[in-house]
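Chains as they are written, first to last, in the numbering used here: chain A, 1 to 332; chain B, 1001 to 1344.
Some notes on the structure that comes next.
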Amino acid sequence: MKVQQHLRREDLVGKVIDAHSHIGIALREAAQINYPYCSCAEDLAYRQKANGVDFGVVFPISPALYYDLPTIIETGELRPAARPISRVPYERENRLLLTDVYNFCPEHSHRFLPFVSVDPGRLIDEQIASLEELEREFPIYGIKIHPLMCQSKALALLDVGKPLMAFFAERNWPILFHASTDPTDPFSQAADILQVIERYPEMRFCMAHCVGCHRESLDRAAACPNAWVDTAALKIQVDLFRAEKSPAMLDLDYSDHTRVFQALVDLYPKTMLWASDSPYYSYITRRMQAPGVYREFRLKGTYEQEKAAYDALSPAQQAQVGENTVRFLFGS
Amino acid sequence: MIDKHIRRADLVGKTIDIHSHVGIQERVAAQIGFPYCSSVEDLAYRQKANGVDAGVVFPTGPALYFDLPEFVESGRLTRAARPISKAPYERENRLVLTDVFRFCPEHSARFLPFVSVNPGREVKQQIAVLRELEQEFPIYGIKIAPIACQSKVTELLGPGESFFKFFAERNWPILFHVAVSQGEEFSQAADTFRVIQRHPELRYCLAHCIGLHHAFLERADALPNVWVDTSALKIQVELAFQDSPLMAFPPERFACDLSDHVKVMQALVARFPETIIWGTDSPYHSYITRRLQGEGVYAEFRLKGTYEQEKAALDALTDAQRLQNNANALEFLFGRREDATEPK
Chain A
1 MKVQQHLRRE DLVGKVIDAH SHIGIALREA AQINYPYCSC AEDLAYRQKA
51 NGVDFGVVFP ISPALYYDLP TIIETGELRP AARPISRVPY ERENRLLLTD
101 VYNFCPEHSH RFLPFVSVDP GRLIDEQIAS LEELEREFPI YGIKIHPLMC
151 QSKALALLDV GKPLMAFFAE RNWPILFHAS TDPTDPFSQA ADILQVIERY
201 PEMRFCMAHC VGCHRESLDR AAACPNAWVD TAALKIQVDL FRAEKSPAML
251 DLDYSDHTRV FQALVDLYPK TMLWASDSPY YSYITRRMQA PGVYREFRLK
301 GTYEQEKAAY DALSPAQQAQ VGENTVRFLF GS
Chain B
1001 MIDKHIRRAD LVGKTIDIHS HVGIQERVAA QIGFPYCSSV EDLAYRQKAN
1051 GVDAGVVFPT GPALYFDLPE FVESGRLTRA ARPISKAPYE RENRLVLTDV
1101 FRFCPEHSAR FLPFVSVNPG REVKQQIAVL RELEQEFPIY GIKIAPIACQ
1151 SKVTELLGPG ESFFKFFAER NWPILFHVAV SQGEEFSQAA DTFRVIQRHP
1201 ELRYCLAHCI GLHHAFLERA DALPNVWVDT SALKIQVELA FQDSPLMAFP
1251 PERFACDLSD HVKVMQALVA RFPETIIWGT DSPYHSYITR RLQGEGVYAE
1301 FRLKGTYEQE KAALDALTDA QRLQNNANAL EFLFGRREDA TEPK
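See the structure below:
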């Protein structure tokens, strides 16, 4: 038996909603002296209050507690632990998130819509059993899937991960995907995620990080009535876009991330959502992209810079972005 | 050593949080306890929202030197076969310093980082690591939490003795976590005073109002080189109000109105004006966890407070009391202007 949701569509109408933020610890990042390495509900509440943000979608950072911790810290590789702390990927991390939002910080729970995370390709039945336990204790509003963080391909959802999709559809849970067009990330390719989206027209999806401003992917998402795109970590994404612009990207003024958001909302008014990716609006790390492939990031942004992108929209654009977010979360 | 980025003059008259943490708590997160993390940016938001100008920051725990799966499961610290940290706190100290000075340079003007040490393990290696760190970053003092290390504070009088010369050469003050509760075998206030009396050349601060133990408060007040912080006052007072064995118990308890932590702050400052220093313990102004206190002894905590409630205690003081509190913090951090042996 699911517990009753504590937030409803009407609570969110006309409000500023951050569609993408994280709660939890990043063990490898802390141990390897990278950034960011953590965030909790209380910290997010301070950021939101300081910036006039009313609500936030929150989900875990990583599934590390299912894996061998020393190996993750040393290499970034996910190797199942001999005696896993989590029973399945994300079991502890999802529980921490939900307990933080509802039990540890009840004074802030009215701000947060917790999503739970899943690994799209591993221990599917066991993950479903774990989610069934959680939904009996806590309201859950959707799913976040970060294929790269799980080192499982998004396309697994059309194969071994199919039962997950049926489980989510029964609950009317929207799905937010980390999405990339970076060729060094074989797990989260936007083209693969769009295949999943197109295969499940009855479900709602959001692709993160402006899908790298990749024109074809954005056009394809905008053509799907069940797909949205968020701006998470826009400032540092745009910093990257300036440095790594390709002909496949939209031809925009990348000198200023706030202008990029304005242009995206002009081009795709019913598709774009505003999101901060807090605390990942900064990213200073060496990330394993695939076995033996590492990528260095030295990117710095702030919640204020993320919010500035929202503030630069016209009131009509802000209203449209808010409506898009509510539709993604609750449906039409 | 590189130059300090904050000097005494920068902090005169400012609101200083003398006790706060930066880092992650692997075991607490995995066991669904709270709090489980804090970063410099997080602390900066708390400070700004509450009109706090500066804060002393240090790590949460030394887990990365130990066997992480074992620690997460049982709470016991046993040396890892291949430790991630070169010595206890090596990675955690570096994370605090890197966060303050490199990841968040926009906030570094707010923070005085202390480094943490384990009082008895791998002392030579710990000192070697601190020598490396001080070449890269300004360091303002030392935090020692014996229970977080599962090493008795008295190990400072044994294997940890060489720390004192090292700290004294740098004029680093030491902030001690202390306890008066039975069963907490690592951080007993009486043991901590033994350490302090053996090394009067250094400055010390004893945390958490020393469990509101009247005689220990008097003893600290009588020493010219010892201060006491109020960190996590709201939940400490709640414990005392409930007659928890974790706090001093009558007749040893400091006599005051325990119904409100703000009143306790006023009473402490009225009685020990030159000794009490305000600190929040952020994010540990809440504490919801099961902690290993000694061999096979666990204590359950279900305590909730906020940074706002901690700050309310300071705000309830008079202007003159707040100024004195600031002066106390500066003397602990930088030393007395006058002869250190002068009575308070």
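From the three backbone atoms N, C-alpha and C, an ideal C-beta is built for every residue, glycine too.
The C-beta of R92 of chain A comes closer than 8 Å to at least one C-beta of chain B.
Secondary structure of H1005 of chain B (DSSP, three-state): coil.
Partner residues in the beta bridge of G1023 of chain B, as assigned by DSSP, are B:S1038. Here V229 of chain A is near C210 of chain A, since their CB atoms are less than 8 Å apart. Interface criterion met: the Cβ of D1042 of chain B is under 8 Å from a Cβ in chain A. With respect to the C-alpha of F328 of chain A, the residue from A:D311, A:Q305 and A:C206 having the closest C-alpha is A:C206. Taking H1177 of chain B as the centre and dropping the five residues before and after it, the same chain places the C-beta of A1145, S1187 and A1207 closer than 6 Å to its C-beta, in chain order. Legend: CB atoms of the stretch 1033-1062 of chain B lying less than 8 Å from CB atoms of chain A belong to residues F1034, P1035, Y1036, C1037, S1038, S1039, E1041, D1042, Y1045, R1046, K1048 and A1049. At a cut-off of 3 residues, the continuous stretches assigned as beta strand (DSSP E) that sit fully inside the stretch 1245-1324 of chain B are 1287-1294 and 1297-1303.
When Cβ-Cβ separations below 8 Å define contact, L96 of chain A makes contact with chain B. In the DSSP assignment, H257 of chain A falls within the unbroken alpha helix (DSSP H) covering H257 to L267.
A1063 of chain B is not a Cβ neighbour of L96 of chain A, given a cutoff of 8 Å. Sequence-ordered contacts of the stretch 1070-1086 of chain B with chain A read V1072, E1073, A1080, A1081, R1082, I1084 and S1085 [C-beta pairs closer than 9 Å].
Listed along the chain, the chain B residues whose CB falls inside 9 Å of the CB of G24 of chain A are A1029, Y1036 and C1037. Contact annotation: in the stretch 1279-1292 of chain B, residues whose CB is within less than 9 Å of a CB in chain A are P1283, S1286 and I1288. In the three-state scheme derived from DSSP, where H, G and I count as helix and E and B as strand, S188 of chain A is classed as coil. For P36 of chain A, the nearest CB of chain B lies under 8 Å from its own CB, placing it at the interface with that chain.
When Cβ-Cβ separations below 8 Å define contact, F177 of chain A makes no contact with chain B. The C-alpha of C1037 of chain B lies about 12 Å from the C-alpha of L44 of chain A. Residues Y67 and D68 of the same chain have their beta carbon placed closer than 6 Å to that of A81 of chain A, with the five preceding and five following residues left out of the count. Under the three-state reduction of DSSP, Q289 of chain A is assigned to strand. Note on the stretch 157-222 of chain A: whole alpha helix (DSSP H) runs with a minimum of 4 residues are 162-171 and 190-199, in chain order. Closer than 8 Å to the CB of R1094 of chain B there is at least one CB belonging to chain A. The C-beta of V1195 of chain B has 16 or more other C-beta atoms within 10 Å across all chains shown, which makes the residue buried. In chain order, P1069 and E1073 make up the part of chain B whose C-beta sits under 9 Å from the C-beta of R83 of chain A.
Contact residues of the stretch 1011-1024 of chain B toward chain A are G1023 and I1024 (C-beta to C-beta distance below 8 Å).
I85 of chain A is not a Cβ neighbour of L78 of chain A, given a cutoff of 8 Å. Residues of the stretch 1103-1118 of chain B with a C-beta atom less than 7 Å from some C-beta of chain A are F1103, listed in chain order. Counting of Cβ neighbours within 10 angstroms places Q1242 of chain B among the exposed residues, the total staying below 16.
For L1175 of chain B, the enclosing beta strand (DSSP E) starts and ends at I1174 to F1176. E1132 of chain B has a beta carbon lying at 8 Å or more from every beta carbon in chain A. At a cut-off of 8 Å between beta-carbon atoms, R1121 of chain B makes no contact with chain A.
Per DSSP, the continuous alpha helix (DSSP H) segment holding P70 of chain A begins and ends at L69 to T75. For the 8 Å CB-CB criterion, S276 of chain A and H20 of chain A form a contact. For P114 of chain A, the uninterrupted beta strand (DSSP E) run begins and ends at F112 to S117, by DSSP.
Secondary structure within the stretch 6-47 of chain A: the alpha helix (DSSP H) runs of 4 or more consecutive residues, fully enclosed, are 9-12 and 27-31 (chain order).
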